[in-house]
Amino acid sequence: MRRYTKAARTLFGRSKPRSVLDQQAKVDALIARRDWTGLEASTNEMAIMADRACDPELMQKAGQAFERLGNFARAAELRLSARRQRKGKGANEWTGENLGSDTLLI
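What follows is the structure, encoded as structure tokens:
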């Protein structure tokens with residue numbers, strides 16, 4: 214039992230992950246264990262890493278994790294950023310600004 218506990222501490226310790234793959238594996242493991250508190254902290258780290266690296270795939274994955282946590286505003290923000298990086302921002306695309314008296318048909 215001690216060996217497994219030590220391996221888990223090594224895998225999920227407080228040290229920062231060295232790469233994006235390490236961070237993704239850590240988030241996947243936290244989801245599997247249903248450790249929502251740890252997932253929130255790791256997802257925040259992953260979102261920051263995605264923004265810095267301009268990695269749309271990582272942004273998408275962080276958005277999915279935020280959806281699991283119920284933070285839908287942050288999830289939508291990350292997913293929209295990922296989409297814009299993949300496809301580019303269109304001139305006629307609504308970016309969430311106030312429409313005033315105009316209407317938006319969805």
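This note's numbering puts the first residue of the sequence shown at 214, with every later residue one more than the last.
Glycine included, C-beta positions come from ideal geometry on N, C-alpha and C.
6 Å Cβ shell around residue i - same chain, five flanking residues per side excluded
i: Gly276; result: Ala288, Leu291 and Arg292
i: Ala295; result: Pro269, Met272 and Gln273
i: Gly251; result: Leu243
Span of the alpha helix (DSSP H), counted from its first residue to its last, around residue i
i: Ile244; result: Val233 to Arg246
i: Leu291; result: Phe285 to Lys300
Own chain partners of residue i with C-beta closer than 7 Å, once the 5 adjacent residues on each side are dropped
i: Ser228; result: The pLDDT assigned to Ser228 is 46, lower than 50, so where the model puts this residue is not dependable, and the model offers no usable value.
i: Gln237; result: Lys274
i: Gln298; result: Cys267 and Pro269
i: Pro230; result: Reliability of the predicted coordinates at Pro230 is poor, the pLDDT of 46 falling under 50, and no value is obtained from them.
i: Ser232; result: none
Closest by C-alpha distance to residue i, when choosing among the options
i: Leu282; options: Asp264, Gly301, Gly309 and Ala254; result: Ala254
Distance between residue j and residue i (C-alpha atoms, nearest Å)
i: Leu321; j: Leu312; result: This structure leaves residue 321 out entirely; the chain is present only between 214 and 319.
i: Trp249; j: Asn257; result: 12 Å
i: Ile261; j: Gly301; result: 21 Å
i: Ile319; j: Gly309; result: 13 Å
i: Asp241; j: Thr316; result: 40 Å
i: Arg247; j: Ser314; result: 44 Å
8 Å CB neighbourhood of residue i in its chain, flanking five on each side removed
i: Ala245; result: none
i: Phe279; result: Thr256, Ala260, Phe285, Arg287, Ala288 and Leu291
i: Asp264; result: Met272 and Ser294
_Could you tell me which whole alpha helix (DSSP H) segments of length 4 or greater appear in the stretch 243–283?_
249–266 and 269–282
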